[in-house]
Amino acid sequence: MKSAVLKMDHKIDPKKEIMEKIGDLSGIELMHNNILVATYVRPEKTASGIIMTDKFRKEDEYQGKVGLVIKKGPLAFKDDGPYKWHGQNVEPGEWVWYRISDGWQMTINGVHCRVFEEAHIRGKLASPDLIL
Numbered sequence: 054m055k056s057a058v059l060k061m062d063h064k065i066d067p068k069k070e071i072m073e074k075i076g077d078l079s080g081i082e083l084m085h086n087n088i089l090v091a092t093y094v095r096p097e098k099t100a101s102g103i104i105m106t107d108k109f110r111k112e113d114e115y116q117g118k119v120g121l122v123i124k125k126g127p128l129a130f131k132d133d134g135p136y137k138w139h140g141q142n143v144e145p146g147e148w149v150w151y152r153i154s155d156g157w158q159m160t161i162n163g164v165h166c167r168v169f170e171e172a173h174i175r176g177k178l179a180s181p182d183l184i185l
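Numbering (our numbering), first residue to last: 54 to 185.
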């Protein structure tokens, strides 16, 4: 079975690019079980040379389903309340996926981000290009 991954032409590692752009977040503290995720916006073209329109890329900011964990609150993925995470966790620097409608949206240092409660993180990914 052939993979449906759309290989993107990353001039810079997307993790590095996001982290450099977002900069110092030492002044931001997340409460309880919240997780700050920077939304992944695809580059301008695919590895095979297909140009992505600005409109298509802009939609990633608000309709994207993939992001990079930037920070997490002190109780994120702790076994408290009705949730029993049993070892499930995310760490800053990991790619995650989520529903389009989840999370509170904001822009930090020009980077579109969302704040989620841990239950809204649906899974982890090795690469942001695995989900369209």
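Idealized CB from N, CA, C, for every residue including glycine.
Asked: Between 94, 119, 160, which lies nearest to residue 81 when the distance is taken from Cα to Cα?; Found: 160
Asked: Within 7 angstroms: the Cβ of residue 158 and any heavy atom of the ligand PLP?; Found: Only the bare structure without any ligand can be found here, which leaves the ligand PLP out of the picture.
Asked: Tell whether a beta-carbon distance below 8 angstroms holds between residue 75 and residue 162.; Found: yes
Asked: Alpha carbon to alpha carbon, what distance is there between residue 176 and residue 106?; Found: 28 angstroms
Asked: Are residue 168 and residue 78 close, meaning C-beta to C-beta below 8 angstroms?; Found: no
Asked: For residue 148, count the other beta carbons within 10 Å of its own beta carbon; 16 or more makes it buried, fewer makes it exposed. Which is it?; Found: buried
Asked: Buried or exposed, going by whether 16 or more other CB atoms sit within 10 Å of the CB of residue 144?; Found: exposed
Asked: How would you call residue 115, buried or exposed, if buried means at least 16 neighbouring beta carbons within 10 angstroms?; Found: exposed
Asked: So, is residue 91 buried or exposed, given that buried needs 16 or more other C-beta atoms within 10 angstroms?; Found: buried
Asked: Within this structure, are the beta carbons of residue 156 and residue 173 separated by less than 8 angstroms?; Found: yes
Asked: Ignore the nearest five residues each way along the sequence and tell me which others in residue 73's own chain have a CB closer than 7 angstroms to its CB.; Found: none
Asked: In its own chain, which residues sit with a C-beta less than 6 angstroms from the C-beta of residue 164, not counting the 5 before and 5 after it?; Found: 74, 75, 91
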